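Chains as they are written, first to last, in UniProt numbering: chain X, 1 to 135; chain P, 1 to 135.
Where a beta carbon is used, it is the ideal one built from N, C-alpha and C, also for glycine.
Only a predicted model underlies this, so the values are computations on that prediction, with no experimental measurement involved.
Worksheet: the structure to be examined is printed underneath.
Number of protein chains: 2
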Amino acid sequence: MNISQAAQRTGLPAKTIRYYEDIGLVTPSRDTNGYRVFADQELHKLTFLARSRALGFSIEDCRALLALYEDQSRASSDVKRIAAQHLKEIEAKIADLRAMRDTLSELVRACSGDDRPDCPILKGIEHAGGPARRS
Amino acid sequence: MNISQAAQRTGLPAKTIRYYEDIGLVTPSRDTNGYRVFADQELHKLTFLARSRALGFSIEDCRALLALYEDQSRASSDVKRIAAQHLKEIEAKIADLRAMRDTLSELVRACSGDDRPDCPILKGIEHAGGPARRS
DNA sequence: AATAAGGCTTCCAGTCACTGGAAGGTCAAG
DNA sequence: CTTGACCTTCCAGTGACTGGAAGCCTTATT
Chain X
1 MNISQAAQRT GLPAKTIRYY EDIGLVTPSR DTNGYRVFAD QELHKLTFLA RSRALGFSIE
61 DCRALLALYE DQSRASSDVK RIAAQHLKEI EAKIADLRAM RDTLSELVRA CSGDDRPDCP
121 ILKGIEHAGG PARRS
Chain P
1 MNISQAAQRT GLPAKTIRYY EDIGLVTPSR DTNGYRVFAD QELHKLTFLA RSRALGFSIE
61 DCRALLALYE DQSRASSDVK RIAAQHLKEI EAKIADLRAM RDTLSELVRA CSGDDRPDCP
121 ILKGIEHAGG PARRS
């Protein structure tokens, strides 16, 4: 199977698949003409990668998960640790975004959005509490 | 006022302030020794930038908002359009993250996290629905 | 046999918003 | 007069791709 088929099957752009090979996540064999050939195992890996990426795992997390996926003697605790940590980060991001949304939606609500220069949004940004600190 | 004072006042790292000058968001004057000098107006701008960045606006949005902020004859509708669009994107991100969280927390919950290799998280990634499509 | 279209290859550059670090000038205190 | 804390510029790296150029390979049509 060529790269464009693999791309279609996995939902990953061909460019991304080449990139994954570059950074050592997959190692497709090569045809005599130099074309990449994707067999079942590599296709499985790509699918696994596509799905873990869709769950928001970083590439390095994906690399670790893939290694555990392929290691029949893994401990599920190793997997769980990675996933639980990632879950924590997602929760934190959601909380950050919700705070932004709450502030922003209030400002947008208060703004008349007409031709006049008076704007509660700009005032809100100008007069917001002290410098926000990112975790 | 030197850059480190400006950094302290605005909560922005000095590196970031230099970067903001680089890309033309602020234009501090210079002392005879070449040091940047931040007067009130530039400090106001930096504060405005820090706060709009904290609300998640992109640098280019910040640039536009800053221009409107300084334009006494602006129309509040211009501001509102930018903010409403950004709000929409934040809502979308929240929805994406919540979907990830829901899936992930279920997988984490189901995983015993012990020494055995059996792992519902890996199985969940392996057997998840078709390739996720990002908007 | 020539050609055109499409797929494949590699490699380089750009994205976004910084961040780290090196090399070196400036300043205030002891 | 030296030490240490500032400040300067410039270059490179981050994460995870993405776009594009230049060129080889394959297939179909003329």
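Reference residue i; option with closest CA among the options
i         : options                                  : result
Cys111(X) : Leu43(P), Pro120(P), Asp102(P), Arg81(P) : Arg81(P)
Ala54(P)  : Val37(P), Val26(P), His86(P)             : His86(P)
Ile90(P)  : Ala95(X), Ser76(X), Arg101(X)            : Arg101(X)
Met1(P)   : Lys15(P), Leu25(P), Ser29(P)             : Ser29(P)
Val108(X) : Glu126(P), Ala83(P), Thr16(P), Ala39(P)  : Ala83(P)
Lys88(X)  : Thr10(X), Gly56(X), Arg9(X)              : Gly56(X)
Leu25(P)  : Glu126(P), Glu60(P), Cys119(P)           : Glu60(P)
Same chain, Cβ closer than 6 Å to residue i, neighbours up to 5 away in sequence not counted
i         : result
Pro131(X) : Only weak support exists for where Pro131(X) lies, its pLDDT of 49 falling under 50; the coordinates are left without a value.
Ile121(P) : Leu107, Cys111
Cβ shell of residue i (< 7 Å), same chain only, five flanking positions each side left out
i        : result
Thr32(X) : none
Ile78(P) : Here residue 78(P) is Asp; the residue named in the question, Ile, does not match the sequence. Excluding sequence neighbours, Asp78(P) sits near Leu68.
Arg9(P)  : Leu43
Arg74(X) : Leu68
Residue i, buried or exposed, once every other Cβ within 10 Å from all chains shown has been counted against 16
i              : result
Gly124(X)      : buried
Thr27(P)       : exposed
residue 141(P) : Here chain P has residues from 1 to 135 only, and residue 141(P) is not among them.
Gly34(P)       : exposed
Lys45(P)       : buried
Beta carbon of residue i nearer than 8 Å to that of residue j
i              : j         : result
Leu66(P)       : Ala6(P)   : no
residue 136(P) : Pro117(X) : The question about residue 136(P) has no answer here: the residues shown for chain P are numbered 1 through 135.
Leu12(P)       : Ala50(P)  : yes
Phe48(P)       : Tyr69(P)  : yes
Leu97(X)       : Ile94(P)  : yes
Ile3(X)        : Ile17(X)  : yes
Ser76(P)       : Cys62(P)  : no
Looking at chain P, which residues of the region 69-85 of chain X have a Cβ within less than 7 Å of any of its Cβ atoms? Those residues of the region 69-85 of chain X placed with their C-beta closer than 7 Å to a C-beta in chain P are Tyr69, Gln72, Ser73, Arg74, Ala75, Ser76, Ser77, Val79, Lys80, Ala83, Ala84, ordered along the chain.
Name, going along the chain, the residues of the region 88-109 of chain P whose beta-carbon falls closer than 8 Å to a beta-carbon of chain X. Answer in chain order: Ile90, Glu91, Lys93, Ile94, Leu97, Arg98, Met100, Arg101, Thr103, Leu104, Ser105, Leu107, Val108.
Interfacial residues, the region 46-61 of chain P to chain X, with Cβ spacing under 7 Å: Within the region 46-61 of chain P, those residues whose Cβ lies closer than 7 Å to any Cβ of chain X are, in chain order, Phe48, Ala50, Arg51, Ser52, Ala54, Leu55, Gly56.
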